[in-house]
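Throughout, this note's numbering is defined as the position within the sequence shown, counted from one, plus 8.
The beta carbon of each residue, even a glycine, is placed where N, CA and C say it ideally should be.
What you are looking at is a predicted structure, and each value in this text was computed from that prediction instead of being measured.
The next block holds one structure in the form of structure tokens; read it before the comments.
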Amino acid sequence: MRGLTVLILLSSLVLGGCATSDKKQAAAEIAVRSYYVAFPPTGDAPPHTIAGVLRVPQGVDGKLPAVVIVHGSNGVDGRGGYHAASLNAHGIATLEIDLWAARRNFAGAGGRPKSVPETLPDAFGALKYLAGLPFIDPTRIGITGYSWGGVVSMLTATKPYADKFSRDGLRFAAHVPFYPVCWVYNTVPGYEFAQLTGAPVLLLAGADDAYDEPDTCNKLVEGLPANARQYVSATVYPGATHAWNMPGDILLIVNDPFAHKGKGGEVRFQSNPEVTEQSRVATDAFFVKALGVKK
9 MRGLTVLILL SSLVLGGCAT SDKKQAAAEI AVRSYYVAFP PTGDAPPHTI AGVLRVPQGV
69 DGKLPAVVIV HGSNGVDGRG GYHAASLNAH GIATLEIDLW AARRNFAGAG GRPKSVPETL
129 PDAFGALKYL AGLPFIDPTR IGITGYSWGG VVSMLTATKP YADKFSRDGL RFAAHVPFYP
189 VCWVYNTVPG YEFAQLTGAP VLLLAGADDA YDEPDTCNKL VEGLPANARQ YVSATVYPGA
249 THAWNMPGDI LLIVNDPFAH KGKGGEVRFQ SNPEVTEQSR VATDAFFVKA LGVKK
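Okay, here's the thing in structure tokens:
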């Protein structure tokens with residue numbers, strides 16, 4: 009089961025689309041094939057099989073760029089599909105992975121591993137899987153994720169973890185972490201963020217995110233060594249809470265020990281359509297540039 013396997017054709021033809029009119033024409037022009045796939049983690053991680061949905065734009069000349077999409081603590085939801093469709097409309101393949109099912113966790117946040125680094129071999133396994141596909145350019149594979157997946161997107165940009173879990177030299181070419189709990193970096197052991205691979209990082213955060221303070225993410229970037237800071241930029245959206253891009257009109261209150269800079273407590277998750285759209289546009293533009301997508 010540790011081999012690379014395409015399991016099932018999910019759908020013969022779907023259209024990659026997104027919510028705004030400027031993308032509807034592109035969505036209508038690019039057909040997307042979707043597949044269920046499975047692959048192993050890298051490194052010395054306990055053996056398990058990671059499942060994912062691979063979406064491949066059709067009719068694009070040459071090898072495709074790709075983006076790995078990593079869910080948050082509650083598991084796969086509509087956020088990944090929303091951003092995948094938008095990236096697909098630009099001719100970028102996507103692989104949305106399920107970290108929890110691989111660990112027989114069907115309880116969402118309540119059954120998550122003790123630390124994010126435990127799941128990094130899964131992300132690098134996705135990178136290796138994509139790099140081995142004949143229609144994917146192994147030098148143009150990015151990663152994005154939400155909350156837990158945002159932390160994965162941050163840590164995979166660090167040289168120590170990349171060297172440890174991707175010994176064949178494969179590296180992610182670009183990173184877009186969404187609300188990645190900025191206070192933990194260079195504070196909690198295992199979450200060091202200073203020695204970077206050199207791939208660009210766009211950090212997206214909300215000013216009303218109760219895991220951090222409004223200036224935590226900007227201070228993180230400003231405090232990086234100069235040789236690392238040159239690769240990282242941050243956008244902090246006023247009025248946005250954690251998980252602003254949840255689909256629909258959702259307001260949740262959760263209790264998390266990582267909240268309030270590690271003091272624990274309640275966190276508000278609230279959908280914000282305006283910021284969702286702004287962050288979608290920013291994500292697409294970043295990957296189009298970083299992955300060398302022809303317009």
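Can you list the alpha helix (DSSP H) stretches of 4 or more residues lying completely in the stretch 30-110, in chain order? 86-96
Backbone CA spacing between W271 and V262 [nearest angstrom]: According to the sequence provided, residue 271 is Lys. The question's Trp does not apply to it. A straight-line Cα-Cα distance of about 14 Å links K271 and V262.
Tell me whether the beta-carbon of P188 lies closer than 7 Å to the beta-carbon of G158. yes
Simplified DSSP assignment, three categories, for L154: Checking the displayed sequence, the identity of residue 154 turns out to be Tyr instead of Leu. Reduced to three states, the DSSP call for Y154 is strand.
Answer yes if the stretch 246-264 comes into contact with the stretch 204-216, meaning at least three C-beta pairs across the two stretches below 8 Å, and no otherwise. The stretch 246-264 and the stretch 204-216 touch, with three or more beta-carbon pairs separated by less than 8 Å.
Could you work out which residue in H98, V275, T50 and V78 is closest to V68 when comparing CA atoms only? H98
Cβ-Cβ separation, L62 to V45 (assumed contact under 8 Å), whole Å: 5 Å
Can you list, in chain order, the residues of its chain with a C-beta nearer than 8 Å to that of S155? Leave out the 5 residues immediately preceding and following it. G80, S81, F186, Y187, P188, V189, H250 and A251
What beta strand (DSSP E) runs, 3 residues minimum, are completely inside the stretch 206-273? As far as the stretch 206-273 is concerned, its whole beta strand (DSSP E) runs of at least 3 residues are 209-214, 240-245 and 259-264.
Would you say the stretch 90-97 touches the stretch 121-132, given that touching needs at least three Cβ pairs under 8 Å? With the cut-off at 8 Å, the stretch 90-97 and the stretch 121-132 do not touch.
Going by the beta-carbon positions, is the gap between G133 and I58 smaller than 7 Å? yes
Does the Cβ-Cβ distance between L163 and L210 come in under 7 Å? no
Pull up the DSSP beta-bridge partners for L128, would you. DSSP, once it has assigned bridges, lists no residue as partnering L128.
Please report the distance separating the alpha-carbon of L141 from that of A236. Each residue's alpha carbon lies about 31 Å from the other.
Residues that Q278 bridges to, as DSSP identifies them: Answer is L259.
Does F295 pass the burial test, meaning 16 or more other C-beta atoms within 10 Å, or should it be called exposed? Buried.
Taking the CB atoms as reference points, tell me whether T152 and S161 lie closer together than 7 Å. yes
Own chain, CB closer than 6 Å to E274, minus 5 neighbours either side, in chain order: I261 and N263
In three-state terms, what does DSSP make of A182? strand
Using the C-alpha atoms, what's the distance from S279 back to A218? 15 Å
Neighbourhood of G86 by C-beta, 7 Å cutoff - its chain only, sequence neighbours within 5 removed: P255
Reduced DSSP secondary structure (H/G/I, E/B, other) of R288: helix
Which residues bound the alpha helix (DSSP H) around A170? K167 to F173
Within 10 angstroms of the Cβ of K136, are there 16 or more other Cβ atoms? Answer buried if so, exposed if not. Around the beta carbon of K136, 16 or more other beta carbons sit within 10 angstroms, so the residue counts as buried.
By DSSP, does L141 sit in helix, in strand, or in coil? coil
Helix, strand or coil: which one does DSSP assign to L204? strand
Given I77 as reference, the closest of T243, I149 and L178 once Cα atoms are compared: For I77, the nearest C-alpha among the options comes from I149.
Please determine, among G88, T205 and V229, the residue with the shortest C-alpha to C-alpha distance to T102. G88
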